[in-house]
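When you number the sequence shown by our numbering, it's gap-free, plus one each residue, and the end is 985.
Idealized CB from N, CA, C, for every residue including glycine.
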Amino acid sequence: MTRRMVANNAETIGDYIQMLKSDPSEIDTLAKEFLISVTRFFRDSEAFDVIATRVIPEIVENKLLVDVLKVWVIGCATGEEAYSLAILLKEHLIEVKKDIEVKIFASDIDKEALAKASKAIYPQSISKDVSEERLNNFFTKVGDEYKVRDNIRKMIIFAEHDIIHQPPYGKIDLISCRNLMIYFNPTLQRKIFATLAFCLNADGYLFLGPSEGLGSLEGSFKEIDKKWKIYLNTEKNAVLQFKAYAPHHLEVKKLTYSTLTLKPLKNSVSASLPALLYKSTLEEARFLAGVCVDENNKVMLPFGDFEKFLLPKLFNDNLLELLPAELAIAAGTSIKKAIKENAKVAVQEIYFKVDQHIRSVNMLVKPLLNENTADHKVIVLYFAEGEVDRNTRQSVELFNKETHTSRYLSDLESELAETRKKLAEAHVYLDESNSNIQSYNEELLSGNEEMQSSNEELQSMNEELNTVNLEYQLKIKELAELNDDLHNYFRSTYITQIYVNNDIVLKKYNPLTIKQINIKEADIGRPLADISTNIRFSTLIEDIQEVIDTQLIKEKPVETTDSKWYSMMIVPYIRSQDNKTDGAVITFSDISEITESKKIIQENNRRLVEINKEHDTFIYSASHDLKAPVNNIEGLLHHLKSTDTPEDKKVIISHLEKSVIRLKETISELSDITRIESEIDEAEKVNVPRLLEEVKMGLSDALVASNATINVAFEENEINFSRKNLRSIFFNLLSNALKYRSPDRQLEVTIKSKRVADSIILSFEDNGIGIKPDKIRDIFTKFRRVHSKEINVEGEGIGLYLVKKIIGNAGGDIKVESSFGQGSSFSICFNNSAKGL
Numbered sequence: 149m150t151r152r153m154v155a156n157n158a159e160t161i162g163d164y165i166q167m168l169k170s171d172p173s174e175i176d177t178l179a180k181e182f183l184i185s186v187t188r189f190f191r192d193s194e195a196f197d198v199i200a201t202r203v204i205p206e207i208v209e210n211k212l213l214v215d216v217l218k219v220w221v222i223g224c225a226t227g228e229e230a231y232s233l234a235i236l237l238k239e240h241l242i243e244v245k246k247d248i249e250v251k252i253f254a255s256d257i258d259k260e261a262l263a264k265a266s267k268a269i270y271p272q273s274i275s276k277d278v279s280e281e282r283l284n285n286f287f288t289k290v291g292d293e294y295k296v297r298d299n300i301r302k303m304i305i306f307a308e309h310d311i312i313h314q315p316p317y318g319k320i321d322l323i324s325c326r327n328l329m330i331y332f333n334p335t336l337q338r339k340i341f342a343t344l345a346f347c348l349n350a351d352g353y354l355f356l357g358p359s360e361g362l363g364s365l366e367g368s369f370k371e372i373d374k375k376w377k378i379y380l381n382t383e384k385n386a387v388l389q390f391k392a393y394a395p396h397h398l399e400v401k402k403l404t405y406s407t408l409t410l411k412p413l414k415n416s417v418s419a420s421l422p423a424l425l426y427k428s429t430l431e432e433a434r435f436l437a438g439v440c441v442d443e444n445n446k447v448m449l450p451f452g453d454f455e456k457f458l459l460p461k462l463f464n465d466n467l468l469e470l471l472p473a474e475l476a477i478a479a480g481t482s483i484k485k486a487i488k489e490n491a492k493v494a495v496q497e498i499y500f501k502v503d504q505h506i507r508s509v510n511m512l513v514k515p516l517l518n519e520n521t522a523d524h525k526v527i528v529l530y531f532a533e534g535e536v537d538r539n540t541r542q543s544v545e546l547f548n549k550e551t552h553t554s555r556y557l558s559d560l561e562s563e564l565a566e567t568r569k570k571l572a573e574a575h576v577y578l579d580e581s582n583s584n585i586q587s588y589n590e591e592l593l594s595g596n597e598e599m600q601s602s603n604e605e606l607q608s609m610n611e612e613l614n615t616v617n618l619e620y621q622l623k624i625k626e627l628a629e630l631n632d633d634l635h636n637y638f639r640s641t642y643i644t645q646i647y648v649n650n651d652i653v654l655k656k657y658n659p660l661t662i663k664q665i666n667i668k669e670a671d672i673g674r675p676l677a678d679i680s681t682n683i684r685f686s687t688l689i690e691d692i693q694e695v696i697d698t699q700l701i702k703e704k705p706v707e708t709t710d711s712k713w714y715s716m717m718i719v720p721y722i723r724s725q726d727n728k729t730d731g732a733v734i735t736f737s738d739i740s741e742i743t744e745s746k747k748i749i750q751e752n753n754r755r756l757v758e759i760n761k762e763h764d765t766f767i768y769s770a771s772h773d774l775k776a777p778v779n780n781i782e783g784l785l786h787h788l789k790s791t792d793t794p795e796d797k798k799v800i801i802s803h804l805e806k807s808v809i810r811l812k813e814t815i816s817e818l819s820d821i822t823r824i825e826s827e828i829d830e831a832e833k834v835n836v837p838r839l840l841e842e843v844k845m846g847l848s849d850a851l852v853a854s855n856a857t858i859n860v861a862f863e864e865n866e867i868n869f870s871r872k873n874l875r876s877i878f879f880n881l882l883s884n885a886l887k888y889r890s891p892d893r894q895l896e897v898t899i900k901s902k903r904v905a906d907s908i909i910l911s912f913e914d915n916g917i918g919i920k921p922d923k924i925r926d927i928f929t930k931f932r933r934v935h936s937k938e939i940n941v942e943g944e945g946i947g948l949y950l951v952k953k954i955i956g957n958a959g960g961d962i963k964v965e966s967s968f969g970q971g972s973s974f975s976i977c978f979n980n981s982a983k984g985l
C-alpha cells in the first residue's frame, strides 16, 4: 500500500482512496501488489520425497481402476507445484503398472499466473530443480525453454477460484495448501481449515507449508511428517457449518458495521450500500442479528448472531428456506409488502416451536434504495428476541398466523393470476409457433427425401472408403513393421548412422552418434551445423555438402577428442521413387584398433630397419674384432713351429692362451648383444643392497687392486626389474668406474636410489678421469671407445651400449653428466608403470 501511495504521490490514505475510486486501473495494480507468486518445481525436495514414498503409494493402493484420484493444489501460482505432484503420480503409476484416472485441480486468484501455468512452458533454469531424467521423460525442449509433455498437462485443470468465498471441490484425496494460511488472520484460517476438512475424503491427506499448523482441527488429523506438515484426515463425517460458508462472513462480537462490505451484485450495486446499512443499523441497534437479501430472497450478507434465527442448511442461500416455517411466512409477506410500499415493515410476536419450546421473534423488514439502486432492490431484515421499544408500536403489527397466511395466499393468488395471464399469452405464441413448425416440418420432409438419396450415395462412397481404408491399414501395418525393423536395426548396430536432408538438417540418428556428435532427441529438425562435434579438425559440414553436390561417396579417417579413430563414410541419400538425392547418410566405423595396429607395425618396421643397420655394423665389427685374436694366434702358431727352445715355446704358448681368452671374451660380449636385443626378461622385485654385494664379490679382485671406496645411500631398497639385467647394469657401471679411475687420487664411487613421482632414480657417481664434453654423446655407441688409446683399458666399447639397450627396452632412460678430469655421474630412470621391466 505504501509503495503505491509513494508511486502516485498520495500523501494520506484518504487521498489514495479517492484515487482508487477515480482510477479503476489502480485497483488492479494494487491487487497485483498483494499477490505473492513464489514457487518452483519440487520446492523443499525432502517434503516431496515424503509425498512420493509415504503418501502417493497409500492413495494409489486404495484406489480401484474405475476410481478417480483427485488432488487439489490451492494457490498454485504459475503451476510448478501442480506439475511436480503430477510427475510424482505418473512415476508411481508407471512403477506399479496401474492405470487410473487422475484429476489435479490447481486454483488461484491470479489470472496472469494461471495463464502462464496453462501454457506449461518454463525457462531453462528449472534444470536446477528437476533432474535430467525427469526433464527427458516429462518435458520437451523448445529452444531455450522446457515445455511439459501432454501426458502430464492433461492431468491438471487450472481454474480461477477464491477459497474464502467460493464453494470448494469435493471428495479430494490430497490437498496441497502450502504457505497460504500465513497471510490470513485466525478467523479466516479457521474457516478455510473447516472447508478443507469437509472436502477431504476419509483417509485423505493435507500438505501444508513448514510454518503453518492446523490450530483447533488437530484432533481431526493424524500427523504423518512433523517437519513438513503432512497430515492424514481421520474425521469420517466432517460437517461444514453455515457460518463457515456464508458470503463474506466475519465474526463480529458487537454490532458494528464499519468493517462490513457487501459483495457487489451481478450488475454492480452502488458503492454507497455499506454506508446505508451502517446508518440503518444505528437506527435499529437493539436487534440481535440481520440479513441482507435481494429481490429474489437470496442472502447477500448475514451479520450479528444470525445463527439463532437461521437453519444450518449447507450450500443454500435462499432466506425463506433457511427460516422456520412461521418465520418464513412472515418474512416472505413482509418482504413483498416492503418492496411494494417502499417502506419499513415491522412484525412482532412471531411464535414458532423449536425443540419442544415456544419462541417469540420480532422482525423488521426495511428496503434500501437510493438513486443508484433503483433497478436493484436490497432488503435488510432484523431479528430480535422478545419485545421491542414501545415507542415504535404505532408502526408495528403483531404476528397473526392466519392473517399472514391469508396475506401469503393472497400474494400467491396474485402471482398465480399473473402467471396465468402470461401462460395465456404463451399459448398464443405457441399456436403461432405450431403453424410455423408445420411449414418447417413439410420442408424437412422434402429435405429428408433428398437426404435419403444422398445417404444412398454416401453409403456407396462409404464402401469405397472402407476398401481404401483397409488398404491404408495394410500399408500402415507394413510401415509400422518397417519402422520397428529400422528402430531395432539402429539399436543393434555398432556403426554410427546419421541421416540429414539436402539442407543438412538432422532427420534421424542411432544412439552411438553421441560418441562423435553431442546430439539429443530434441535436436531432430535442427541444422547439424548448430550441434557441436567431438571430431578434431572437423570439416563434417563441408564434406556432407560436397557429397550432396557431387553425389559421390566420400570416405576418410577422423579422430575424436578421446583419441579414438573412426572411418567416416558419407553417401548420398537417394529416393527410390524419382532417383533424386534427398540428403546424405553419414556412418562412423571404429577403426581405433586397426589404426593402433598400423602404428605398431610401422614402429616394428622402423625398429627392424634400425636393427638391420645395427646388424650390418655388428657383423663388420665382429669380423674385425675376431680377426685380431685369430691373426695373433695364427702368427704365434707360425712362431711356435719355427722355434725349438723350450723357453720360447713357453712364452709363445702363454701368448696363445691369452689370445684364446681374449677371443672367448669377444665372443661372449657379442652373444650378450644378441641376447639383449632379442629378449625381455620378466620383472621382479630386486633387493638393491643385496644385488650390490653380489656384484662387489664378482669384482673383488679389482676392488682390492684399486683400493676403491664404495658409498651407498639407498632411499628405495627394491626395484621392480629383471634381476639378471639389473645385475648387468650394476656390473658394467661399477667395472667402468674401476677401469677409468684417476691415477692421482683414491677412487670413490657413490650409489644412490630415490623415488620421484612414479619412477625410481638410480645414480652412480665416481671421481675418475671423466669424459670430454664432445665425446659424451658417443659413449653409448656400440664398439665406440671415447678415451684415447694411451689409456690402456680392456674392453671393446660394448658395456655401456648394453646398459643403454637394457634400459631402453624396459621403457626407462639413462643420462650422463661428466667433467673431464673430475669424474662422471650416470642417472637411470626406472618407470614402474612400463611393461617388461
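- For the options Leu606, Ser266, Lys289 and Asn285, the alpha carbon positioned closest to that of Ser273 is the one of Lys289.
- Straight through space, the alpha carbons of Gly361 and Phe369 are spaced by roughly 11 Å.
- Membership of Leu529 in any alpha helix (DSSP H) is not indicated; the residue belongs instead to the beta strand (DSSP E) covering Val526 to Glu533.
- Rounded to the nearest angstrom, the gap between the Cα atoms of Thr687 and Lys747 is 24 Å.
- Proximity to Leu839 across Ser715, Lys872 and Asn752 peaks at Lys872, based on C-alpha coordinates.
- For Pro205, the enclosing alpha helix (DSSP H) starts and ends at Ile204 to Glu209.
- Beyond the five residues adjoining it in sequence on each side, Ala732 comes within less than 6 Å, by CB distance, of Val648, Ile692, Val695, Ile696, Ile718, Pro720 and Tyr721 in the same chain, given in chain order.
- Between Gln337 and Gly363, the alpha-carbon positions lie close to 9 Å from each other.
- In this structure, the CA atom of Glu703 is about 22 Å from the CA atom of Tyr637.
- Judged by beta-carbon spacing, Asn327 lies beyond the 8 Å limit of Asp351, meaning their Cβ atoms are not closer than that value.
- Put simply, of Ile909, Ile924 and Phe879 the residue whose alpha carbon is nearest the alpha carbon of Leu950 is Phe879.
- Residue environment for His309: buried (at least 16 other C-beta atoms within 10 angstroms of its C-beta).
- By alpha-carbon distance to Ile908, the top candidate from Leu516, Ser870 and Cys977 is Cys977.
- A Cβ-Cβ distance of about 26 Å is found for the pair Ile257 and Leu236, leaving them out of contact under the 8 Å criterion.
- Its chain contains Phe457, Leu458, Leu459 and Ala479 as the residues whose beta carbon lies nearer than 8 Å to that of Leu471, once the 5 sequence neighbours on both sides are disregarded; these appear in chain order.
- The Cβ-Cβ distance between Val836 and Glu863 does not fall below 8 Å.
- Distance from the Cα of Glu896 is smallest, within the candidate group Ala670, Ser854 and Glu751, for Ser854.
- Under the DSSP assignment, Gly846 falls in the alpha helix (DSSP H) whose first and last residues are Val836 to Gly846.
- By the Cβ neighbour-count rule, Val778 is exposed, with fewer than 16 other Cβ atoms within 10 Å of its own.
- DSSP places Gln621 within a helical segment (H, G or I) once states are collapsed to three.
- Looking at the backbone, the Cα of Ala861 and that of Asn979 are separated by about 20 Å.
- Phe685 sits exposed, since fewer than 16 C-beta atoms from the chains shown fall within 10 Å of its C-beta.
- With respect to Ser967, Gly918 sits close: the two C-beta atoms are nearer than 8 Å.
- In this structure, Leu262 places its C-beta atom within 8 Å of the C-beta atom of Phe306.
- Note on geometry: alpha-carbon atoms of Val214 and Glu249 lie some 8 Å from one another.
- Going by beta carbons, Lys238 and Asn333 fall outside the 8 Å limit.
- Around the CB of Ile161, fewer than 16 other CB atoms lie within 10 Å, so the residue is classed as exposed.
- If the five residues before and after Gly971 are omitted, its C-beta is found closer than 6 Å to the C-beta atoms of Asp914, Asn915, Gly916 and Gly918, all from its own chain and listed in chain order.
- Pairwise C-beta distances place the stretch 510 to 517 in contact with the stretch 487 to 496, as three or more of them are shorter than 8 Å.
- Between Leu654 and Asp671, the gap from beta carbon to beta carbon is short of 8 Å.
- The beta carbons of Ile320 and Asn349 sit about 6 Å from each other, so the pair counts as a contact at 8 Å.
- Ile269 has Lys295 as its beta-bridge partners, per DSSP.
- Separation of Ser255 and Phe355 (C-alpha to C-alpha, rounded to the nearest whole angstrom) is 15 Å.
- In its own chain, leaving out the 5 sequence neighbours on each side, no residue places its CB closer than 6 Å to the CB of Glu280.
- When only Cα atoms are considered, Ile372 and Arg297 end up about 32 Å apart.
- Per DSSP, reduced to three states, the secondary structure at Ser870 is coil, with no helix or strand assignment.
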